[in-house]
Amino acid sequence: MASVFKLEIVAPDKKFYDDEAEMVIVRTKEGDVGILKDHVDYVAPVDIGVVKIKKGGNFKEAAIAGGFVKVGKEKVTILTDAAEWPSDIDLDRAEMAKKAAEEELKQGPKDETYVLFAETKLKRALNRIKVAEKKD
């Protein structure tokens, strides 16, 4: 059996994942990071993207909406704004969110905060669509 560690993925509304894992791959602001048991202690901001969890030799993917990853001796914790399995994503709603964000960006010059917010909404919608389209 492969070496395992405790993995928790926590969103504001729920404990999304609370189980063992052989490996987790998460997108940080600097790029993808693969974490195995006994990884060096580590804290990093997490970008909007896909988290890949390996358990029992198989990978399972979920959409996450940014946050932080903290790696300790026996446990990895990912705190995220939102986390969803592909089967839980409403593809129609994600497509509508994408269109709304694109419209906001097309409406002309806005202040920097407004543009950043709209770009983040678009990135999150695109990520949800990408993950949802991988449903079995």
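In UniProt numbering, the protein residues as written are 1 to 136.
Note that the Cβ used here is the ideal one computed from N, Cα and C, for glycine as well.
What would DSSP say about residue i, mapped onto helix, strand or coil?
i, result
"D38", "coil"
"K134", "coil"
"E112", "helix"
"I129", "helix"
"E30", "coil"
Restricting to Cα atoms, I'd like to know which of the options is closest to residue i.
i, options, result
"I53", "V76, M96, D111, F117", "V76"
"G34", "A97, K15, A63, V69", "V69"
"F59", "K6, D41, K98, I25", "I25"
"M23", "K15, L116, E74", "E74"
"D19", "D90, V4, L116, E119", "V4"
Ignore the nearest five residues each way along the sequence and tell me which others in residue i's own chain have a CB closer than 6 Å to its CB.
i, result
"V10", "L79"
"A82", "A11, A65"
Span of the beta strand (DSSP E) holding residue i?
i, result
"K6", "5-11"
When you compare only the Cα positions, how much space is there between residue i and residue j?
i, j, result
"D47", "G72", "20 Å"
"A21", "D13", "22 Å"
"G67", "M96", "24 Å"
"E103", "V115", "11 Å"
"F16", "I89", "14 Å"
Excluding the 5 residues flanking residue i on each side, which residues of the same chain have their C-beta closer than 7 Å to its C-beta?
i, result
"A94", "A125, R128, I129, A132"
Starting from residue i, trace the alpha helix (DSSP H) in both directions and tell me its first and last residue.
i, result
"A65", "Counting along the chain, A65 falls outside any alpha helix (DSSP H), though it belongs to the beta strand (DSSP E) covering 58-71."
"A97", "91-106"
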